[in-house]
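As structure tokens, the structure follows; a few thoughts come after it.
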Amino acid sequence: MAEPARSISKAPPQNARETANHAPAQKSVAREYGEAMFIALVLAIFIRTFFVQAYKIPSGSMEPTLLIGDHILVNKIVYGLRMPDSILGLEIPGLALGEYVFHLAPVRRGDVVVFVFPPDRSKDFIKRVIGVAGDTVAVKNGAVWLNGSPMADPHGHFEVAAQDRSPVSPRDNFGPVTVPPGKLFMMGDNRDRSYDGRFWGFVDLNDVEGRAMVIYLPWNEEKAADASLLSEVLMWFEYVRWDRVGMIVH
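Note that the numbering used here has the sequence shown beginning at 278, numbered continuously upward.
Structure, rendered in structure tokens:
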């Protein structure tokens, strides 16, 4: 007859010294904080690379939608998963850097997007999508035409008088051009003060980094730059455009 099975346990320690020898090593406080900070840093880089990134508006080309000094959050996953243009500043052969691994949604007309600037890939630009693949875009006396008809343009802002329009400047008269497959045509909302697709052409879909979501810090940079005294600098709350905090970018 088989004997009943017996559980096997370790022999009890013989003395305090043996107990100490078997006790797990305790992490130092400094090491625990270091590991936590490292994990937080890795997560922050991962989120910034693939999900959400903060940007600051440096020019008035998107006025009045976005003002100089506005700090915005950009949704980088809305169109799909895009690989960064480099990893720690390095381009690794064999990796599809700067390209989409997969797409989730198409880029649509009217979206305000951040993209790699075609003439200088070290810079990011933000503009509004005017035309997608297959669209025909033209500008006539400052007004945007889309597919042969004047485009409904609720976001367009104009500063130049009709009599001051130039028949030869692409700012005022441009095209028509047809957007090729895999490309987009961009313009700034401040139509008369924007260096955009009228001057440098199309944007590749793979160069779209994300869509602008919300203004989280509408900093009045011009007003803050005039602060000279320490007392004026400390009045930082006067430099925030409070009515624009949390404004959704349309």
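For every residue, glycine included, the Cβ atom is placed at its ideal position computed from N, Cα and C. Note that this is a predicted model, so its numbers are computed, not measured.
Assigned exposure category for residue i - 16 Cβ within 10 Å defines buried
| i | result |
| --- | --- |
| Ile525 | exposed |
| Leu461 | buried |
| Glu309 | exposed |
| Asn467 | buried |
| Glu312 | exposed |
Contact under 7 Å by Cβ, residue i with residue j
| i | j | result |
| --- | --- | --- |
| Leu381 | Gly357 | yes |
| Gly387 | Val456 | no |
| Tyr516 | Leu350 | no |
Local conformation of residue i per DSSP, three classes
| i | result |
| --- | --- |
| Met524 | strand |
| Asn450 | coil |
| Arg325 | helix |
| Glu486 | strand |
| Leu494 | strand |
| Ile316 | helix |
| Gly311 | helix |
| Val378 | strand |
| Tyr516 | helix |
Continuous beta strand (DSSP E) stretch holding residue i: start and end
| i | result |
| --- | --- |
| Trp225 | Residue 225 cannot be examined here, being either before or after the span of the chain that is shown, 278 to 527. |
| Val391 | Val389 to Val393 |
| Lys460 | Lys460 to Met464 |
| Ala415 | Thr413 to Lys417 |
| Leu350 | Asp347 to Asn352 |
| Gly408 | Asp401 to Gly408 |
Candidates the options: closest to residue i by CA position
| i | options | result |
| --- | --- | --- |
| Val230 | Gly478, Ala489 and Asn497 | The question about residue 230 has no answer, for the chain in this structure spans 278 to 527. |
| Leu423 | His434, Gly411 and Ala489 | Gly411 |
The alpha helix (DSSP H) enclosing residue i, as first and last residue numbers
| i | result |
| --- | --- |
| Arg475 | Gly474 to Trp477 |
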